[in-house]
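The block underneath contains the structure these notes are about, expressed in structure tokens.
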Amino acid sequence: MDLVAGEGDHPRNKIVSRGKGLVRKLFRKQEIIDVSHATNKTATQLLTSLKTIKKTTKNLLSIDDTYLDCTLQSNLTTLQKEIIRLESLIKKREYEAKTETLGLGYLAFNDPVTGLPNRRFFDGMVESLYAEGQSFHVAIIDVDNFKSFNDTYGHEIGDEVLKKVGERIKESVRSGDIVARYGGDEFAVLIHGSPDFTIEAILLRLHELSLSSYRLADKDKNIHLSIGASNCATKYNSIADIYKHADKSMYYAKQMGKNTYYYQEL
Numbered sequence: 206m207d208l209v210a211g212e213g214d215h216p217r218n219k220i221v222s223r224g225k226g227l228v229r230k231l232f233r234k235q236e237i238i239d240v241s242h243a244t245n246k247t248a249t250q251l252l253t254s255l256k257t258i259k260k261t262t263k264n265l266l267s268i269d270d271t272y273l274d275c276t277l278q279s280n281l282t283t284l285q286k287e288i289i290r291l292e293s294l295i296k297k298r299e300y301e302a303k304t305e306t307l308g309l310g311y312l313a314f315n316d317p318v319t320g321l322p323n324r325r326f327f328d329g330m331v332e333s334l335y336a337e338g339q340s341f342h343v344a345i346i347d348v349d350n351f352k353s354f355n356d357t358y359g360h361e362i363g364d365e366v367l368k369k370v371g372e373r374i375k376e377s378v379r380s381g382d383i384v385a386r387y388g389g390d391e392f393a394v395l396i397h398g399s400p401d402f403t404i405e406a407i408l409l410r411l412h413e414l415s416l417s418s419y420r421l422a423d424k425d426k427n428i429h430l431s432i433g434a435s436n437c438a439t440k441y442n443s444i445a446d447i448y449k450h451a452d453k454s455m456y457y458a459k460q461m462g463k464n465t466y467y468y469q470e471l
């Protein structure tokens, strides 16, 4: 008598089972792609609408001051800055959605240690804002005495320091601002659509948050930061000048004794 395999053990059933699993994965992948496409479409629609509003606002602000009510002019200026902030926030969210759902460009644009955007992504955002003639600020942040700390406690703890510092910096800025690991022990922050007094407040908050100790290897450690920043006057400066002045300000903060910030207005 021939023996008949049970339904669950039959090779054909195993193949069908694997096939169903593969189909589920493919459907899941398609769902992710659909979500990504929907996100891109929504982001494009929002950016198009904001571009139209920004153009109208710019045209209204170009009218002779004598024909504009002071309150209206002030409101239009505030609206213009908010539009710039929203544009950057949408671009940032669009990028995050892509990397989270599909992993597209994650390794190309993200730092593997901190999970933050890397220098390539940061430079691209700066170039985009500069090309559009938008106003923004760049802050360069250096971890004081990081090499000595790294040599003493090892690279694993050193990487943990970079992660925690990156998290602190993100807590200090607004949701639409971009924090990146710029290389080595340096971080960069792109702050846009803000008047200078807001920049001072952000830099102060960055400094104050860095004064709190960090919990590393079950011990509290003090990690200090030297912070330098410069604003962008797009009519007079190149991107290289903006970075140069931000970097120069950071080194000036180090010359002041480290663990502080310095803002140089161009």
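Per the working numbering, residue 206 is the first one in the sequence shown, and the count goes up by one each step. Just so you know, even glycine gets a beta-carbon here, dropped at the ideal spot from N, CA and C.
Assigned with DSSP and collapsed to three states, A434 falls in strand. Rounded to the nearest whole angstrom, the C-alpha separation of V384 and G359 is 25 Å. DSSP places A451 within a helical segment (H, G or I) once states are collapsed to three.
A distance below 8 Å separates the beta carbons of R325 and A313. Distance between I362 and R298, taken at the CA atoms: about 30 Å. Following the DSSP letters along the chain, one finds H342 inside the beta strand (DSSP E) bounded by residues 341–348. The residue among F341, C275, Q460 with its C-alpha nearest the C-alpha of I404 is F341. In the displayed model, I428 falls within coil according to three-state DSSP, outside both helix and strand.
Counting C-beta pairs closer than 8 Å gives fewer than three between the stretch 344–352 and the stretch 327–336, which falls short of the contact rule.
N315 sits in a strand when the DSSP states are folded into three classes.
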